[in-house]
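What follows is one structure encoded as structure tokens, with my remarks underneath.
Protein chains: 2
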Amino acid sequence: MSVVLRPSQALRLWQLVSLAEVTGGAHDLSFRQAAILLTVYLDPPPHTVRGLASRLGVTKPVITRALDTMGAMKLVSRHRDENDRRNVLVRRTVEGALYVERFGDVIIARAAELPA
Amino acid sequence: MSVVLRPSQALRLWQLVSLAEVTGGAHDLSFRQAAILLTVYLDPPPHTVRGLASRLGVTKPVITRALDTMGAMKLVSRHRDENDRRNVLVRRTVEGALYVERFGDVIIARAAELPA
DNA sequence: CGTTTTTGTTTCGGAACCGTATCATTGAAG
DNA sequence: CTTCAATGATACGGTTCCGAAACAAAAACG
């Protein structure tokens, strides 16, 4: 039990971070896209389409399309698995790492400003 | 400075909450929609299209469309302002209040589980 | 009155995304 | 070699959303 939040703090934190992302002109990610992006960046590789679909409880086309979009945003990249060429491995990018890092900073900053 | 988070905790929290929303079959809101919804529920009324557009730094049609969608989801409702009939007042709904309350519980639960 | 300003909605072409179903490629099994 | 299974992408019809522009309704102003 390391991080303790009250209801008003939890919701206010989410509001302030969301507002910061919107007004900051960042990518307008959905919950699904955010879940995919952060899973790729926080969980140990390898990440496959099937694995991500299973982790999120959605169908494979959902992942394929999200990777299309976030690939165009340069947030992730796709590569064939040379050991089993049926697999596609989802990997991090420099731009994606910068985006995630900056996003973490936004969360921390807004959390620090929350009223007690 | 009431809530202190380290970078890995901040990002992990966002991942776990996003995953919980996706796997839980909840609405797949975008940052914009979340910012609108939480602003309506956390900031004092009245909320107008113009005010929300200004708060988020987006154009009015963006708000109109988001209200269309979230209205269909029963998360918010629209009413004419009888004092100034040019205004549309965005109000909370029972379903929306339940959704927001449950969402806050998800954040708190995931925050409590974060490794120190 | 008529004109101007304010507010919110609608329209336009184009892009993203949905769920379901199907397809292409690859690997495994007989 | 020939099925069969697994993986990911694609096709389909439909919805949502985009920014920019035009629009309708209501209020304010003269």
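First to last, the protein sequences are chains A and B.
Each position in the first sequence, counted from 1, maps to that position plus 647 in my numbering.
Each position in the second sequence, counted from 1, maps to that position plus 647 in my numbering.
Idealized CB from N, CA, C, for every residue including glycine.
Taking the alpha helix (DSSP H) that residue i belongs to, which residues open and close that run?
i	result
residue 665 of chain B	654-670
residue 735 of chain A	Where residue 735 of chain A is concerned, there is no enclosing alpha helix (DSSP H), although the beta strand (DSSP E) it sits in stretches over 735-739.
residue 701 of chain B	696-703
residue 687 of chain B	678-689
residue 598 of chain A	Here chain A covers residues 648 to 763 and nothing more, so residue 598 of chain A does not appear.
residue 673 of chain B	Taken as a continuous stretch (DSSP letters only), residue 673 of chain B belongs to no alpha helix (DSSP H), as it is neither H nor E.
residue 708 of chain A	707-719
Does the beta carbon of residue i sit closer than 8 Å to a beta carbon anywhere in chain A?
i	result
residue 744 of chain B	no
residue 737 of chain B	no
residue 741 of chain B	no
Let's see if you can read the secondary structure: which residues bound the beta strand (DSSP E) around residue i?
i	result
residue 724 of chain A	723-727
Along chain B, which residues have their Cβ under 7 Å away from the Cβ of residue i?
i	result
residue 670 of chain A	703 and 704
residue 665 of chain A	678, 681, 682 and 685
residue 689 of chain A	658, 659 and 662
Just to make sure I have the definition right: I need the residues of chain A whose C-beta is within less than 8 Å of the C-beta of residue i. Which are they?
i	result
residue 754 of chain B	652, 657, 658, 660 and 661
Please confirm whether residue i has its beta-carbon closer than 8 Å to some beta-carbon of chain B.
i	result
residue 699 of chain A	no
Using a Cβ cut-off of 9 Å, pull out every chain A residue sitting near residue i, in sequence order please.
i	result
residue 696 of chain B	Within chain A, no residue comes near residue 696 of chain B; the closest Cβ sits about 15 Å away, beyond 9 Å.
Closer than 7 Å by beta-carbon distance: list the chain A residues that pair up with residue i, in chain order.
i	result
residue 675 of chain B	677, 678 and 679
**Prompt:** Within the chosen definition, does the region 742-756 of chain A reach the region 704-724 of chain A through at least 3 CB pairs nearer than 8 Å?
**Reply:** yes
**Prompt:** Per the contact definition of three or more C-beta pairs closer than 8 Å, is the region 699-710 of chain B in contact with the region 662-671 of chain B?
**Reply:** The count of Cβ pairs closer than 8 Å, one atom from the region 662-671 of chain B and one from the region 699-710 of chain B, stays below three, leaving the stretches out of contact.
**Three or more C-beta pairs below 8 Å linking the region 679-698 of chain A and the region 684-695 of chain B** = no
**Message:** Under 8 Å, CB to CB, which of the residues in the region 713-728 of chain A have a partner in chain B?
**Reply:** none
**Asked** With contact counted as at least three CB pairs below 8 Å, one residue from each stretch, are the region 672-679 of chain B and the region 676-687 of chain A in contact?
**Response** Verdict: yes, contact present.
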